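A.B. asks:
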Amino acid sequence: MRRRGRDAEAPLDPEIERDLEIVDRVLAGEAVSGSEAEESWADVTTLIRAERPAVDPEWAEALDEWARQGFPRSRRSPANEVMRARGIQLGWLSRLSDRLPRRAGPLAGAVASLAIIAVVAVSTLGEGPGQEAQLDDQAPMATTSDGGAAEQAAEVAPLGPGAAMNALRRESSEALAPGDVDDVGIGGGIEGAATQPRIAPGTANRRVDRDASITIAARPDEVRSTSDEVISIARSLGAIVASSQVSESGGSATAQLDLQVPTRNLDAAIGRLTEIGEIDSLNESSIDITKPYVSAKDRLEDARSARDSLLEALAKATTDEEAEAIRAQIKDARREISRAEARFENVARQARWSSLAVVIRSDAGIDEDRTLIDWLEDAADVLQAVAGVLLISAAILLPIALVVAIVWVAVSGLRRRRRERALDD
Amino acid sequence: MHQVAESTTELEAPAASAFEALYRDCRDDLFAYAYGMLHDRTAAEEVTATAFERAYRKRNRFNPQRGSRRAWLFGIARNAALDELRRTRRRAELFTEPADTASAGVYEQADLSVSRIALRRALAALDARERELIALKFFAGLSNAEIGSLLGTSASNAGTRLHRTIDKLRKELG
Numbered sequence: 001m002r003r004r005g006r007d008a009e010a011p012l013d014p015e016i017e018r019d020l021e022i023v024d025r026v027l028a029g030e031a032v033s034g035s036e037a038e039e040s041w042a043d044v045t046t047l048i049r050a051e052r053p054a055v056d057p058e059w060a061e062a063l064d065e066w067a068r069q070g071f072p073r074s075r076r077s078p079a080n081e082v083m084r085a086r087g088i089q090l091g092w093l094s095r096l097s098d099r100l101p102r103r104a105g106p107l108a109g110a111v112a113s114l115a116i117i118a119v120v121a122v123s124t125l126g127e128g129p130g131q132e133a134q135l136d137d138q139a140p141m142a143t144t145s146d147g148g149a150a151e152q153a154a155e156v157a158p159l160g161p162g163a164a165m166n167a168l169r170r171e172s173s174e175a176l177a178p179g180d181v182d183d184v185g186i187g188g189g190i191e192g193a194a195t196q197p198r199i200a201p202g203t204a205n206r207r208v209d210r211d212a213s214i215t216i217a218a219r220p221d222e223v224r225s226t227s228d229e230v231i232s233i234a235r236s237l238g239a240i241v242a243s244s245q246v247s248e249s250g251g252s253a254t255a256q257l258d259l260q261v262p263t264r265n266l267d268a269a270i271g272r273l274t275e276i277g278e279i280d281s282l283n284e285s286s287i288d289i290t291k292p293y294v295s296a297k298d299r300l301e302d303a304r305s306a307r308d309s310l311l312e313a314l315a316k317a318t319t320d321e322e323a324e325a326i327r328a329q330i331k332d333a334r335r336e337i338s339r340a341e342a343r344f345e346n347v348a349r350q351a352r353w354s355s356l357a358v359v360i361r362s363d364a365g366i367d368e369d370r371t372l373i374d375w376l377e378d379a380a381d382v383l384q385a386v387a388g389v390l391l392i393s394a395a396i397l398l399p400i401a402l403v404v405a406i407v408w409v410a411v412s413g414l415r416r417r418r419r420e421r422a423l424d425d
Numbered sequence: 001m002h003q004v005a006e007s008t009t010e011l012e013a014p015a016a017s018a019f020e021a022l023y024r025d026c027r028d029d030l031f032a033y034a035y036g037m038l039h040d041r042t043a044a045e046e047v048t049a050t051a052f053e054r055a056y057r058k059r060n061r062f063n064p065q066r067g068s069r070r071a072w073l074f075g076i077a078r079n080a081a082l083d084e085l086r087r088t089r090r091r092a093e094l095f096t097e098p099a100d101t102a103s104a105g106v107y108e109q110a111d112l113s114v115s116r117i118a119l120r121r122a123l124a125a126l127d128a129r130e131r132e133l134i135a136l137k138f139f140a141g142l143s144n145a146e147i148g149s150l151l152g153t154s155a156s157n158a159g160t161r162l163h164r165t166i167d168k169l170r171k172e173l174g
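Sequences listed follow chains A and B, in order.
Under this note's numbering, the final residue of the first sequence carries the number 425; numbering is consecutive throughout.
Under this note's numbering, the final residue of the second sequence carries the number 174; numbering is consecutive throughout.
(1) What residues are listed by DSSP as bridge partners for T215 (chain A)?
(2) Would you kindly check if the distance between the Cβ of R307 (chain A) and the Cβ of A333 (chain A) is under 8 Å?
(3) In whole angstroms, what is the alpha-carbon distance linking S149 (chain B) and A401 (chain A)?
(4) With contact counted as at least three CB pairs below 8 Å, one residue from each stretch, are the region 253-268 of chain A and the region 207-222 of chain A in contact?
(5) Can you tell me whether DSSP reads L237 (chain A) as helix, strand or coil?
(6) Can you find a CB in chain B that lies within less than 8 Å of the CB of S40 (chain A)?
(7) Tell me, to the nearest whole angstrom, how far the beta carbon of D267 (chain A) is from that of A217 (chain A); I am working on the premise that it is less than 8 Å.
(8) Within this structure, are the beta carbons of L397 (chain A) and S113 (chain A) separated by less than 8 Å?
(9) Using the Cα positions of L12 (chain A) and I166 (chain B), report the straight-line distance between them to the nearest angstrom.
(10) From Q245 (chain A) to V347 (chain A), what does the alpha carbon distance come to, in whole angstroms?
(11) Give the straight-line distance between the Cα atoms of E174 (chain A) and A313 (chain A), rounded to the nearest whole angstrom.
(12) Can you tell me which of B:A21, B:R61, B:A135 puts its alpha carbon nearest to the alpha carbon of A44 (chain B)?
(13) Do the region 247-258 of chain A and the region 218-230 of chain A make contact, defined as three or more Cβ pairs closer than 8 Å?
(14) Terminal residues of the continuous beta strand (DSSP E) containing A255 (chain A)?
(15) On the premise that L20 (chain A) lies in contact with G152 (chain B), defined as a C-beta separation below 8 Å, what is that separation, rounded to the nearest angstrom?
(16) Is it the case that the Cβ atoms of L119 (chain B) and E51 (chain A) are separated by a distance below 8 Å?
(17) Using three-state DSSP, classify S305 (chain A) as helix, strand or coil.
(18) For E229 (chain A), which residues of its own chain have a beta-carbon under 7 Å away from its beta-carbon, when the five flanking residues on both sides are left out?
(19) Is D25 (chain B) helix, strand or coil when you go by DSSP?
(20) Alpha carbons only, please: which of A:P57, A:I116, A:E36 is nearest the one belonging to A427 (chain A)?
(21) Taking the straight line between their C-alpha atoms, what separation do you get for D363 (chain A) and A405 (chain A)?
(22) For a contact meaning CB atoms closer than 8 Å, what does I117 (chain B) contact in chain A?
(23) Is it true that the CB of L123 (chain B) sits closer than 8 Å to the CB of L169 (chain B)?
(24) Determine the direct distance from the alpha carbon of A380 (chain A) to that of T274 (chain A), and round the result to whole angstroms.
(25) Do you know offhand how far E39 (chain A)'s Cα is from S33 (chain A)'s?
(26) Which bits of chain A does R129 (chain B) rub up against, with CB to CB less than 7 Å?
(27) Distance cutoff 8 Å, beta carbons only. Does E51 (chain A) sit that close to anything in chain B?
(28) F62 (chain B) touches chain A at which residues, Cβ-Cβ below 8 Å?
(29) Does any CB atom of chain A fall closer than 8 Å to the CB of H86 (chain B)?
(30) Name the two residues that bound the continuous alpha helix (DSSP H) containing F71 (chain A).
(31) If you follow the alpha helix (DSSP H) that D332 (chain A) is in, where does it begin and where does it stop?
(32) Shorter than 7 Å, the distance from the beta carbon of F52 (chain B) to the closest heavy atom of the ligand PLP, or not?
(33) At least one CB of chain B closer than 8 Å to the CB of A133 (chain A): is that the case?
(34) Going along the chain, which residues of its own chain have a beta-carbon closer than 6 Å to the beta-carbon of R18 (chain A), five neighbours each way excluded?
(35) Among the residues of its own chain, which have a CB less than 7 Å from the CB of D100 (chain B), if the five just before and after it don't count?
(36) Is R210 (chain A) helix, strand or coil when you go by DSSP?
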């Protein structure tokens, strides 16, 4: 029951108190005799009390049985059972109330809260550098000419060693147009269309030759498995294992791998490799090769333009001697084109691929280096991650809970007012 | 007046056995109260069953500092009855159950019939809040303090309103 602002507890009028006392005494079974007024009160009390209805024994028995069983939800209410026995049609609400589970609301709320926490946990804890690398790996190249189609296919999807090596061979042997999208700049930028104008260093189409070397320490018995893991990471990022060597002697072991990594995936590769073991050293270098790239590109375009001009001149030649002379020049122009293409492809490959040298050396004391502080730091990382998940979940759930609470209060107040209004005829 | 003693021993009893005792004591009273509110036997039976079921599910939430267990039960019953009243919007009808007068003697029956018919007319003329007061006092057997607590008012105010209602009926009967 709800207690609203109560009136001050003022004493009853003595006459009212006397009359109410008579009522209480009659209801308690006492005989009351006195003045006419007192007897009048006693009589009306007796009459009203006589109007008290008696329960239906059949219904009472059904209710008692239901109560004995603890009011199970699966059991229809006694009133409904009796009504059905009497052939009285129940309303749809009564039929529905017999079937609905009571705790559906709270259960649904609990399930929804857990679902929110689970989604937050998966999205917060599931991200890693591997995903970024995969995105790079799958990023399609922008535009390409027909000569670059094979290269586009080779660089978009993760390659097996054989396919990737074939891609390298194709790149060095096939003719390329200067406008072919066959390489990337820093950070995996995508080149524009075939009609790209000549560029200068320092612009968005900067070309950089990047190389890196990393030394990883591992337990002697884990050098080979770590090497396998490095190869697995490399392949997943579209890299090529140019060479690998593992040597074991006595209690020590060493592995050396030379990788050719697509430049756009180099950062991702380094990030993933730093997670597989203790890092002894990490070195990176980059050389701006934009000028040589532009120069090679321009030279190739010039050679082709010269050939095209000679072909036009050949078409206009009026004598055989003139035509023969032009054909000789065309031959020279074609040789120049081949040389320019080779030079351009060489420079472009430097930008497209980065060398990553990985050395895995054995370190028998690697576990001994792990101190209590390291374990505590790991525990702190885990706790931090869990706290982050709970904090984000709370940030989502608390406003929802607040809204639900406000709605509940409003609904409760509305329901109270409606109930009281039901008494207003 | 019927009262359920809220002794220390009873309060410390397991919730299930305390509820069982409450059920036994209040079943008929609760039905009578619901009938007094709704004047429909079927609806009163449904409200009674609903009230006991809700009270059973909330039995561990009873706070003795907020009132007697009986008043707590009738608070639940009141809400159920008001919900039903709101749904059906039934008004008070004349009592027409012939079984109520069957037990009386022939001469007494004639005399009772006149008085009771007059009383029933008077009861039907009461508004819903007045009928509720009569039902709480005479059918449910609640004390003035329990009635005041249930209606959200003081015991003296509840007593005053009850006196006014009974006096109205008394004057109707002449």
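All residues carry an ideal CB built from backbone N, CA and C; glycine is no exception.
Since the model is a prediction, treat every value here as computed from it, not as a measurement.
C.D. replies: The relevant details are as follows:
(1) A:S281, A:V359
(2) yes
(3) 32 Å
(4) yes
(5) coil
(6) yes
(7) No, D267 (chain A) and A217 (chain A) are not in contact; Cβ-Cβ is about 22 Å, not under 8 Å.
(8) yes
(9) 16 Å
(10) 28 Å
(11) Reliability fails at E174 (chain A), whose pLDDT of 44 lies under 50, so the model's placement of it is uncertain and the value that follows must be treated cautiously. Distance between the alpha carbons of E174 (chain A) and A313 (chain A) is about 27 Å.
(12) B:A135
(13) yes
(14) 252-262
(15) Actually they are not in contact, since the Cβ atoms of G152 (chain B) and L20 (chain A) sit about 20 Å apart, beyond 8 Å.
(16) yes
(17) helix
(18) I276
(19) helix
(20) Here chain A covers residues 1 to 425 and nothing more, so residue 427 (chain A) does not appear.
(21) 60 Å
(22) Ordered by position in chain A, no residue passes the 8 Å Cβ test against I117 (chain B), which lies about 11 Å from the chain.
(23) yes
(24) 20 Å
(25) 6 Å
(26) L423
(27) yes
(28) Within chain A, no residue comes near F62 (chain B); the closest Cβ sits about 11 Å away, beyond 8 Å.
(29) First, the amino acid is wrong: residue 86 (chain B) is Arg here, not His. It does; some Cβ of chain A falls within 8 Å.
(30) Note, F71 (chain A): premise wrong, no alpha helix (DSSP H); not H, not E.
(31) 320-352
(32) In the structure shown, the ligand PLP is absent, as is every other ligand, since no ligand is present at all.
(33) With a pLDDT of only 39 at A133 (chain A), under the threshold of 50, the placement of this residue in the model should not be trusted, and no figure is reported.
(34) none
(35) Caution is warranted here: a pLDDT of 42 is assigned to D100 (chain B), below 50, making its placement in the model unreliable, and the coordinate value is therefore given only provisionally. Around D100 (chain B): no qualifying Cβ.
(36) strand
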